[in-house]
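J.:
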Amino acid sequence: KILVTGGLGQIGSELVIHLRNIYGDDNIVASDIHKNGDESVIYGGPFEIVDVLDGKKTSEVVSKYNVDTIIHLAALLSAVGEKNPARAWDINMNGLFNMLEISKERKLSLFTPSSIAAFGPDTPADNTPQDTIQRPTTMYGVTKVAGELLCDYYFKKYGVDTRGVRFPGLISYQTLPGGGTTDYAVHIYYDAIQKGRYTSYIDKGTYMDMMYMPDALNAISTLLEADPSKLIHRNAFNITAMSFEPEQIAAEIKKHIPNFEMDYNVDSVRQSIANSWPNSLDDSAAREEWGWNPKYDLSSMTKDMLEKLRTRLGK
Ligand code: VAH
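Just so we're aligned, residue 3 is where the sequence shown starts under full-length UniProt numbering, counting upward by one.
1. Could you pull out every residue in the same chain whose Cβ sits closer than 7 Å to the Cβ of Trp91, ignoring the five residues on either side in sequence?
2. Would the beta-carbon of Ser105 fall within 9 Å of that of Ile72?
3. Contact between the region 268-287 and the region 202-216: three or more CB pairs below 8 Å?
4. Just to confirm, is the Cβ distance from Thr183 to Ala288 under 9 Å?
5. Hey, out of Gln136, Asn94, Thr177, Ile30, whose CA is closest to Asp56's CA?
6. Could you spell out where the beta strand (DSSP E) holding Thr71 opens and where it closes?
7. Compare the C-beta of Ala276 against all C-beta atoms of chain B and say whether one is closer than 9 Å.
8. Would DSSP call Asp27 helix, strand or coil?
9. Just to confirm my understanding: we take Pro170, look at its own chain, exclude 5 residues before and 5 after, and list those with CB closer than 6 Å. What are they?
10. Look up Leu283 in the DSSP assignment and give the residues it is bridged to.
11. Would you report the Cα separation of Thr7 and Lys232, rounded to the nearest angstrom?
12. Can you round the beta-carbon distance between Leu311 and Tyr175 to whole angstroms, since I take them to be within the 8 Å contact cut?
13. Hey, would you say Glu150 sits closer than 9 Å to Ala32, going by beta carbons?
14. Which residues in the same chain as Pro230 place their Cβ atom closer than 8 Å to its Cβ, once the five residues preceding and following it in sequence are excluded?
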């Protein structure tokens with residue numbers, strides 16, 4: 003049985019459905035701190051209200067469903083974390099600490115994602131290596147590096163089966179992202195369909211790694227199933243599918259919506275966050291150790307994203 007925290011978030015709401023399709027509805031316990039979100043997640047299988055800062059309640063849910071794996075997604079993202087750094091530290095670190103303690107006590111497996119945000123301005127920006135300097139300049143990034151080190155510590159010291167990936171920006175049409183810096187690459191598709199134009203808060207020429215959600219979901223289930231004897235790394239694997247800057251995604255959208263126009267109103271806070279992150283990751287370790295292999299590039303993602311969004315938005 004798998005418990006997913008942050009089950010109503012951008013990744014969680016699609017991951018729960020993805021895992022229920024693989025392992026069966028009753029084997030995936032979705033959870034979140036509230037109940038306003040995707041009805042198919044809440045009513046399509048077990049759902050529990052879980053506040054990851056409440057280790058006792060989380061432990062009771064683990065017992066109730068005989069959980070053997072936790073996928074811990076509940077966290078505050080980069081931009082929202084800069085607005086409330088103390089809260090980001092509290093949720094991202096104490097929430098993870100609780101999940102690690104429960105995993106140690108109950109001998110659970112624990113998957114929790116890191117991010118390209120775990121790198122900083124003095125990290126090599128192009129083809130960022132799997133093992134390199136990590137001095138992020140956002141609170142979110144600090145919690146991601148600390149989280150990686152804590153998960154590796156629990157693996158080495160207590161044998162807890164911890165695994166994770168450094169996600170790039172994730173693009174999806176089901177649930178909007180909650181307060182990230184890469185979110186522009188999601189909003190551009192919504193505005194292209196609904197307004198025929200988009201004003202980007204990230205400046206032209208700003209390259210960031212990105213990935214279509216179906217590839218992200220496959221990364222999680224593939225790493226979860228990976229043969230542990232082949233894992234040289236654990237927390238956390240660089241993975242990416244593409245790297246682009248705003249002009250490139252706009253040009254791709256224009257192939258489908260010829261009159262689409264984009265202009266800029268750069269948000270200095272999110273621009274400075276984006277500037278501190280890599281331009282492109284080297285994900286060879288993930289490819290070698292557990293067969294990572296994304297299916298979508300900018301062109302195939304754009305085609306699918308626009309089709310699915312048009313249907314969802316009734317356009
Ligand atoms: C964010 N989408 O922008 C998240 C992610 C790599 C970016 O961590 O904060």
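We put the beta carbon where it would ideally sit given N, CA and C, even for glycine.
T.: Taking the geometry as given:
1. Met141, Thr145
2. Yes, the Cβ-Cβ distance between Ser105 and Ile72 is below 9 Å.
3. yes
4. no
5. Asn94
6. 71-74
7. The question asks about chain B, but that chain is absent: this structure has only one protein chain.
8. Correct three-state label for Asp27: helix.
9. Ile118, Asp211, Met212, Met213, Thr242
10. Thr130
11. 27 Å
12. 5 Å
13. no
14. Asp163
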